Amino acid sequence: MTSLGGSSSSSTEYTVRVPKNNSKKYSIMAFNSGDKVNCSTWTQARMERDMSNRRMYGGEETEEGAAGSEFGKKQREEARRKKFGIVTREFKVEDQPWILKINGKAGKRFKGQKKGGVTENASYYIFTQCPDGAFEAFPVNGWYNFVPQAKHRTLTAEEAEEEWGRRNKVVNHFSIMLQRRLREQERGPDDEDEEGEKGGKKKKKKKGARGGDLRIHDLEDDLELSSDESDSSREEGDNKPKKKESVAKGKGKKKKKKRGSDSEANEDSDDGDYEGLEVDYMSDESSSEEEAGEEKAKSNKEDGPKGIDEASDTEDESEEEKQNEEEGKEEEEEEEGKKTPVQMEKKKKRDSSGESDTSEDSDIDGEAASALFMVKKRTPPKRGGGRGSGGSSRTGSRPGTPSIDSASTSNTLRAAASKLEQGKRQVLGGSSDSPAAKRLKMEPGSTATTTQSPAPSGKSTPQPPSGKSTPSSSDVQLTEEAVRRYLIRKPMTTKDLLKKFQTKRTGLSSEQTVNVLAQILKRLNPERKNVNDKMHFYLTE
Amino acid sequence: MSEKSEVDLTGAKKNTGVWLVKVPKYLAQQWSKASGKGEVGKLKIGKKPGKTDVSFTLNEDLTCLSALGEKTELVQAPQEHSMLMLSVGGQTLAVFTETTADEISLEGMVVQRAECRPAVNESYVKLKKLQMEVSTKPKRLTEQIARPVTNNFKPVSNHVANVEYEKKKRTEGRMVRADRQQVMDMLFSAFEKHQYYNIKHLVEVTKQPVTYLKEILREIGLYNAKGTHKSTWELKPEYRHYHGEEAN
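Protein chains in written order, with this note's numbering: chain U, 29 to 569; chain W, 4 to 251.
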């Protein structure tokens, strides 16, 4: 190193060397300055190539897979690919990205992607100063841009689009990720019901706890989380009453609306969950109720012409609808009685859990409840007439029964409620006190047949043309006759049959149902057929 | 799949600073030709009161450029270069090295970036001109072919390919039925190599007439008419014992 003195500017001269044999390959690790990476603070670092892009060609060629003829399966494949112009890029290890992990598992992670075109037109050299003062220049082999990898969950493209579509409606953004997390968890254990409820509720409470932490068994859920649920659903209800209304009003598809608005809290679930949901509560007025009631009545009426086919189908739906309405009705009444929603929910929950084993039902209850709460708040005047039923009895009546006059409604409904309660427990002949009782009538006697007694009130109410018209009964008897009818109509699996005779409707416990059904099947001795790997029973008349 | 390499962080800890210098291609070429210890030139750092003035002087012996296409002549690489200093600003650059044994070590951080710019003089301009000429030459050439393509074919009593084929047939003769057991053994060994075979390929392997082969195959094998392995034969399940299968 020679230094030239004597000039006003002092300049020092250094020799530059380019070492020849380099066993080391130099590369650049580039971080964004915004990431504030300080290499000197790293205690430990691990780096490896990211091999995820490697397609295992040879991997599948086991004895099994080495299936092609020895005469050039590979060549044939290659020829095929060439013909179609498919060019598969060779997997070069040097071009693969790096995965850099700092400070072990808990530390930061970076992904380093190779930057192309670095060495094309110019070369980069690293000049390091040696102890002897000379510079040594090493050529740079590759440039890798390292970006930190997010450890937190992110939405996939589809989910992001979905959320984007809902951005105007979603107020609580925190729950979005929670939903997604829960969704994933749910997918595993296959437990959809808890999702939405939990999701909404947890986040609302700002517990910050992961949904998974509080996952509990089905039944317990219904009981324990009821209070939470009601709180959250109420809050949620508060959040979007307006939105719900406006939307509800706008669309004729009430069911869909219900789902949409509640989707904040609820996640993907079986379609069946929402099937019977009557969303009339969402809209303002009793008029809608009336409508709904009318629809119901209509459906009842049209039972005659409709075949047994529809009858059985609609039964399920109607039953669910009814349930919801029941619940809703009960709550309405209670709310009027100034009971706290919490208690009401609890009661309802207990009832529901007592009555059914399926959390599915309670789920629907919850939704109905939340919808109700909303409606409640906005339409107390309309409801009028203290309807505090006082009882935590599960009303079997359809609150949406055709009653124009609210005052009379209460009477009839209460009457209907109690009646249905009885009717549910035993097989009764219906009483025909009220218009609502028309429904009652059908219940006890019906077995999904369409021989309905005409409305005692003489009101002929129009029925909805939808295929969801119900023959109305909420009471289905598990009789041999019923089973026979089903099996004649179409082959069914035992599962299907059980679905038809839901415990709520028959009043039997699930065990009993199973036993009785087994006996009936023994008696009937249906023929068996295997469809889709499942054993179906059927009868030929 | 390489195991994760522990990165040697000594360089980072020491906070060694390095320079990242962008160097023109021709210069890099010259540098790679360096002999002996590898000395390529001199770096002059002048610390003027206002700014730092850095320049690089290429060694005399490395100025002769070679092989730039046909016109090597007396093109010389310029000797004087100025180094333009840049800031490391928006990026944090670190240098890591990889040895052939897959050992990764962090050499240091980049503290200064620089660009090596040649002083624009005649020799440089000439060099550039040459480079341009080379690069503008089209990669594809049109050349005239000696014998043009014709689609007129003269009539031939028997095509060449046909003649050869017939000759082959005559010499090889028909396939003779070998002993049943032998054929079966051949088949078993063939199926040990691959699971699925086309009948044609089996014929080729066993050199047996098709009908005879089919007979035997019907005894010990199955025919897959559908599925991924289109129209292939495979051994019956009781006869086969593949590793992969057993694992399943």
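Note that CB positions come from ideal geometry on N, CA and C, so glycine has one too.
If you're wondering where the values come from, they're calculated on a predicted model, not measured in any experiment.
When secondary structure is reduced to three states using DSSP, U:N558 falls in the strand class. Interface flag for U:W70 against chain W is set, since a Cβ pair is found closer than 9 Å.
Collapsing the DSSP output to three states places U:E106 in a helix. Look at U:H564 here: in three-state DSSP terms it is strand. By the Cβ criterion, the stretch 39-57 of chain W is not in contact with the stretch 65-72 of chain U, since fewer than three pairs of Cβ atoms, one from each stretch, lie closer than 8 Å. A distance below 7 Å between beta-carbons, with the five flanking residues on each side excluded, links W:V206 to the following residues of its chain, in chain order: V213, L216.
Within chain U, the residues whose beta carbon sits less than 7 Å from that of W:V21 are I154, F155, T156, listed in sequence order. Along the stretch 13-48 of chain W, the alpha helix (DSSP H) occurs as fully enclosed runs of 4 or more residues at 13-17, 28-35, listed in sequence order.
Note that the C-beta distance between U:T541 and U:L526 is below 9 Å. It is roughly 6 Å from the alpha-carbon of U:K557 to the alpha-carbon of U:M563.
Considering only U:A546, U:L506, U:K142, U:M520, the residue with the shortest C-alpha distance to U:Q530 is U:L506. Under the 8 Å Cβ criterion, the stretch 10-19 of chain W counts as touching the stretch 93-113 of chain W, having at least three qualifying pairs.
The beta strand (DSSP E) runs of length 3 or more contained entirely in the stretch 123-191 of chain U are, from start to end of the chain, 126-130, 137-142, 150-157, 163-176. In the DSSP assignment, W:D56 falls within the unbroken beta strand (DSSP E) covering 55-61. At a cut-off of 9 Å between beta-carbon atoms, U:Y42 makes contact with chain W.
Counting only the Cα atoms, U:S538 lies some 16 Å from U:V511.
Between W:E110 and chain U, the shortest Cβ-Cβ separation is below 9 Å.
At least one beta carbon of chain W lies nearer than 9 Å to the beta carbon of U:K53. For the pair of segments examined, the stretch 190-208 of chain W was found to touch the stretch 235-242 of chain W: the number of CB pairs separated by less than 8 Å reaches three.
Following the DSSP letters along the chain, one finds W:F194 in no beta strand (DSSP E) but inside the alpha helix (DSSP H) bounded by residues 183-196. Interface flag for U:S538 against chain W is unset, since no Cβ pair is found closer than 9 Å.
For U:R181 and W:K45, the gap between their C-alpha atoms comes out near 53 Å.
W:L225 and W:R173 have their C-alpha atoms roughly 33 Å apart. At least one CB of chain W lies nearer than 9 Å to the CB of U:K48.
Looking at the backbone, the Cα of U:E555 and that of U:M520 are separated by about 11 Å. Taking the Cβ atoms as the reference, W:A117 lies roughly 5 Å from W:M88, within the contact range of under 8 Å.
The C-alpha of U:E509 is placed about 10 Å away from the C-alpha of U:I516. With the rule of 3 Cβ pairs closer than 8 Å, the stretch 15-35 of chain W counts as touching the stretch 148-158 of chain U. Taking the beta carbon of U:R74 as reference, the chain W residues within 8 Å of it are K7, S8, E9, V10, listed in sequence order. Of all residues in the stretch 119-151 of chain U, only N149, A150, S151 come within less than 7 Å of chain W when Cβ atoms are compared, listed by chain position. In chain order, T235 place their CB closer than 6 Å to the CB of W:N227, counting only its own chain and leaving out the 5 sequence neighbours on each side.
The stretch 101-108 of chain U and the stretch 155-172 of chain U do not touch, with fewer than three beta-carbon pairs separated by less than 8 Å. Per DSSP, reduced to three states, the secondary structure at W:T145 is coil, with no helix or strand assignment. Taking 9 Å as the threshold, the shortest C-beta distance from U:A107 to chain W does not fall below it. The stretch 125-135 of chain W and the stretch 34-41 of chain W do not touch, with fewer than 3 CB-CB distances between them shorter than 8 Å. One Cα belongs to U:A162, the other to U:T43, and the distance between them is close to 5 Å.
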